[in-house]
């Protein structure tokens, strides 16, 4: 420390001033599990630590520091949070809900979280624009006793509670559906997501883990669909043109486009495991009799509600795992039901899964669509 | 008396920017739930100083009549360099900081050399070099990560004696140590002369090449200081093209709001600092006034347009239409 002060004459004085304010972080107490309601707040794995925050009296002030805004997933996420906060059992717990979107500038998002900490909010939910840049904010949140809950794009940290779905497990779920219909061999099309993204990687590896397990001999054709209907439709059409017929399809996202490509190419309907877009489920329900047997599981914008529930539970002083693995919302043939888990009257881009039975969280589509994307 | 009047007249843009900033910041603080506390000021200062440094970097090429589209990318590149080098033993940290600043200065020098000796348009040159610098950043940090000396980072992002945000002290130091001496030097005055009337400057014996080279190099150095500061704020590095682009465009806006003419020759870095502060306060106003998220870009755009328009207020006072053409 002494030598560090030698860095520059001016820095020496700053160090003294800084050392006082940058002392140790308090943060939650690490306790042993199991935590509160483990069927909803499932620990990510056996090694996950458990946290206990100091209990505070409700109602609480909750904030969402969102980054990017402007795609349908994010807009539905914001609407879902507002709908969730209005539900009768949640409403009494929340005094104030504030939502700010800062765009792609990481410094601006950090400042937004800092602003919420400075303003005395009890809990802050965030989808970080960068998984590594939040270490200083995490320390400031812990020191101030604020519950910071990153979800969806989680941070590289074990010092705060994080909420996400197990992406490898989504890949395995997708694989199980195909294996159920295919047996041990066949020709499978795999439509991957955005290259370089950890979600794409984890789903792919989870899928391959089961498909390539001993005793199986599948021919898997891999194309890149970027989780986008248009791209997925094009690459599927190309793959069908080149390879002829597939026995089953696995698509990470842009599932509606993949089914459309199949129909356009007059490819016979085959079992398919895909994401949870409304358009995909509409087609699944309509063409199930013709052999389009679907499994639909996905990353729900309703994840925000679980993040909020996690924050509210932590604020009440209950024990929670450091990394909450949210139950994956899964619907498989023949369980597709109109206006229950898909919505014929809503757009294809609507993300259907908004209920998490183990958590007792269900945000009906009508409640989401009734909300504007405006701040409170 | 006449001297004072002349000086006031020359710094009209700066004074206006300061006034607008003070008004907006007062509005922000008055509506902030916590009021003006040290943490609130520090949060605002950290992100404002970041943009202010990039805006200062933009000011220098603009003064010579150019435009630097690579400042944001130099900022990102030095952030990535800093996230690899500014950690470890104290001497490693010190050497790391020096290398980061030299990297920035070198990148600026390359811009300047191409503009001066290659005789290319600054806007095209820096568009190309900006892509190169982003490419280097991406090679250094294909995925976000890295580290920085946390003690030093804490010092730089907290306060001095629990009162003044350290980042403001850093900004003041940059102004006093780099900007003011440069502005008053022969080369610095040469930059103004070149931007004002290059031909006349040449005929008056101003070293045009040296002035431009110095302006671009110093610009790179300032972007390097900003990159270092970003590393202190995020504890890591990220080769992010959107961030680079955002800071480049915002730096140009800050320069204009601060009263520096895009035609060159008038203005200065102090105005750009307050221009940057104004831009950041616009974002902060979104925090205290609950605007719908999808309305926020529209609001920012309208306020920005108004702020930039203030710089054109002089046209109301001209007596002769010919004055418009200068």
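Protein chains in written order, with my numbering: chain A, 100 to 475; chain B, -12 to 313.
Yeah, the Cβ is synthetic: ideal placement off N, Cα and C, and Gly gets one too.
Only a predicted model underlies this, so the values are computations on that prediction, with no experimental measurement involved.
Alpha-carbon to alpha-carbon, residue 329 (chain A) and residue 383 (chain A): For residue 383 (chain A) and residue 329 (chain A), the distance between alpha carbons rounds to 18 Å.
Where residue 203 (chain A) meets chain B, residues with beta-carbon distance less than 8 Å: Residues of chain B with a Cβ closer than 8 Å to the Cβ of residue 203 (chain A) are, in chain order, 227, 229, 230 and 233.
Sequence-distant residues of the same chain with beta carbon closer than 7 Å to residue 326 (chain A), five excluded per side: Correct list, in chain order: 292, 293, 351, 352 and 353.
Proximity test, Cβ basis, 7 Å: residue 220 (chain B) and chain A: Yes, its Cβ sits closer than 7 Å to a Cβ of chain A.
Cβ neighbours of residue 288 (chain B) in the same chain (closer than 7 Å, five flanking residues each side left out): Result list for residue 288 (chain B): empty, nothing under 7 Å.
N-terminal and C-terminal residue of the beta strand (DSSP E) that residue 349 (chain A) is part of: Under the DSSP assignment, residue 349 (chain A) falls in the beta strand (DSSP E) whose first and last residues are 347 to 350.
Reduced DSSP secondary structure (H/G/I, E/B, other) of residue 285 (chain A): Strand.
DSSP-derived helix/strand/coil call for residue 144 (chain A): The answer is coil: DSSP assigns residue 144 (chain A) none of H, G, I, E or B.
Coarse secondary structure for residue 207 (chain B), derived from DSSP in three states: Three-state DSSP puts residue 207 (chain B) in a helix.
Between the CA atoms of residue 135 (chain A) and residue 122 (chain A) - distance to the nearest angstrom: In this predicted model, residue 122 (chain A) has a pLDDT of only 38, less than 50, meaning its place in the structure is not dependable enough to derive any value.
Short Cβ contact (7 Å threshold) for residue 404 (chain A) with residue 467 (chain A): Result no, Cβ atoms of residue 404 (chain A) and residue 467 (chain A) do not sit closer than 7 Å.
7 Å Cβ cutoff met for residue 4 (chain B) and residue 244 (chain B): Yes, they are a contact pair.
Contact list for residue 168 (chain B) against chain A, beta-carbon separation under 7 Å: Here the premise fails: no neighbours, minimum Cβ distance about 17 Å.
Proximity below 7 Å, CB of residue 161 (chain B) to CB of residue 147 (chain B): Between residue 161 (chain B) and residue 147 (chain B), the gap from beta carbon to beta carbon reaches 7 Å or more.
Among A:133, A:214, A:368 and A:376, the one whose alpha carbon lies nearest that of residue 445 (chain A): Proximity to residue 445 (chain A) across A:133, A:214, A:368 and A:376 peaks at A:376, based on C-alpha coordinates.
Within chain B, the residues that residue 209 (chain A) reaches when beta carbons sit closer than 9 Å: Near residue 209 (chain A) (Cβ distances below 9 Å), the residues of chain B are 30, 33, 34, 220 and 221.
C-beta neighbour in chain A for residue 294 (chain B), strict 7 Å: The beta carbon of residue 294 (chain B) sits no closer than 7 Å to any beta carbon of chain A.
Three or more C-beta pairs below 8 Å linking the stretch 203 to 212 of chain A and the stretch 135 to 148 of chain A: Between the stretch 203 to 212 of chain A and the stretch 135 to 148 of chain A, the count of C-beta pairs closer than 8 Å stays below three; the two stretches do not touch.
Coarse secondary structure for residue 381 (chain A), derived from DSSP in three states: Helix, per DSSP.
Pair within 7 Å by beta-carbon distance, residue 87 (chain B) and residue 242 (chain B): In this structure, residue 242 (chain B) does not lie closer than 7 Å to residue 87 (chain B) by Cβ.
Chain B residues whose Cβ lies nearer than 8 Å to that of residue 229 (chain A): Per Cβ cutoff of 8 Å: 131, 221, 223, 225 and 227.
Beta-carbon proximity list for residue 139 (chain A), same chain, < 6 Å, skipping 5 on both sides: Cβ within range, chain order: 457 and 458.
Check whether residue 42 (chain B) and residue 262 (chain B) have beta carbons under 7 Å apart: Contact: yes.
7 Å Cβ cutoff, residue 88 (chain B) in contact with chain A: Taking 7 Å as the CB threshold, residue 88 (chain B) stays off the interface with chain A.
Cβ shell of residue 60 (chain B) (< 6 Å), same chain only, five flanking positions each side left out: Within the same chain, and ignoring the five residues on either side of residue 60 (chain B) in sequence, the residues whose Cβ sits closer than 6 Å to its Cβ are 117, 120, 121 and 231.
Contact set between residue 234 (chain A) and chain B, taken where Cβ atoms lie within less than 7 Å: The contacting residues are 222.
Supposed contact pair residue 412 (chain A) and residue 419 (chain A) - C-beta distance, whole angstroms, cut 8 Å: Right, the Cβ-Cβ distance comes to about 6 Å (below 8 Å), so this counts as a contact.
Rounded straight-line distance, which links the Cα of residue 259 (chain A) to that of residue 274 (chain A): Each residue's alpha carbon lies about 32 Å from the other.
Host beta strand (DSSP E) of residue 220 (chain A) (start-end): Boundaries for residue 220 (chain A): no beta strand (DSSP E) harbours it, and the DSSP string shows neither H nor E there.
Rounded straight-line distance, which links the Cα of residue 260 (chain B) to that of residue -1 (chain B): Cα to Cα, the separation comes out at about 15 Å.
Inter-stretch contact (C-beta, 8 Å, three-pair minimum) for the stretch 13 to 33 of chain B and the stretch 57 to 75 of chain B: No, they do not touch.
C-alpha gap between residue 124 (chain A) and residue 165 (chain B), whole angstroms: The predicted model places residue 124 (chain A) with a pLDDT of 49, which falls under 50 and marks its position as unreliable; any figure quoted below should be read in that light. Each residue's Cα considered, the two are about 36 Å apart.
Cβ neighbours of residue 448 (chain A) in the same chain (closer than 8 Å, five flanking residues each side left out): Excluding positions up to five away in sequence, the list reads 171, 376, 377 and 378.
Where residue 119 (chain B) sits in the DSSP three-state scheme: Helix.
Residue from B:67, B:13 and B:11 whose Cα sits closest to the Cα of residue 224 (chain B): Residue B:67 is the option with its Cα nearest to residue 224 (chain B).
Residue interval of the beta strand (DSSP E) (run including residue 422 (chain A)): Counting along the chain, the unbroken beta strand (DSSP E) around residue 422 (chain A) starts and ends at 422 to 425.
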